[in-house]
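Enquirer: Numbering (this note's numbering), first residue to last: 69 to 154. Positions of the beta carbon are idealized from the N, C-alpha and C atoms, including for glycine. Here the structure is a predicted model, which is why all the values come from computation and not from measurement. The structure under discussion is supplied below as structure tokens; questions concerning it will follow.
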């Protein structure tokens, strides 16, 4: 495979994981914290309803988890396409 095709496939895989991570974060922060909050109001966690928890803390914790996931995935992708820093 040529260098251009390899670089294009690497970039496409990179963009795909970025879109997935951003979609998950949007679902958690906007979806669960704002749009679906009335549906989640009956579920209690930590003394408050689940919708409020997602709006205040859940979206931040999910964002941090996504950072670690993205780092792990990109390291794996770098090794797969032989562009890792070793």
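Are the beta-carbon atoms of residue 96 and residue 151 separated by less than 8 Å?
Expert: Locating residue 96 in the chain shown gives position 28, where the first residue counts as 1. Locating residue 151 in the chain shown gives position 83, where the first residue counts as 1. Going by C-beta atoms, residue 96 is not nearer than 8 Å to residue 151.
Enquirer: Classify residue 114: buried if its beta carbon has 16 or more other beta carbons within 10 angstroms, exposed otherwise.
Expert: Position 46 of the chain shown, counted from the start, is the residue given in the question as residue 114. It counts as exposed.
Enquirer: For a quick check, are the C-beta atoms of residue 118 and residue 108 less than 8 Å apart?
Expert: Looking up residue 118 in the chain shown gives position 50. Looking up residue 108 in the chain shown gives position 40. Yes, the Cβ-Cβ distance between residue 118 and residue 108 is below 8 Å.
Enquirer: By the three-class DSSP mapping on this structure, what secondary structure does residue 111 have?
Expert: By 1-based counting over the chain shown, the position of residue 111 is 43. It is coil, neither helix nor strand.
Enquirer: Could I get the ranges of all uninterrupted beta strand (DSSP E) runs contained in the segment 82 to 126, with 3 residues as the minimum, in chain order?
Expert: Taking only runs of at least 3 residues, no beta strand (DSSP E) segment lies wholly in the segment 82 to 126.
Enquirer: Pull up the distance between the alpha-carbon of residue 122 and that of residue 85, whole angstroms please.
Expert: For the purposes of this step, residue 122 is taken as the residue at position 54 of the chain shown. For the purposes of this step, residue 85 is taken as the residue at position 17 of the chain shown. Roughly 23 Å separates the two Cα atoms.
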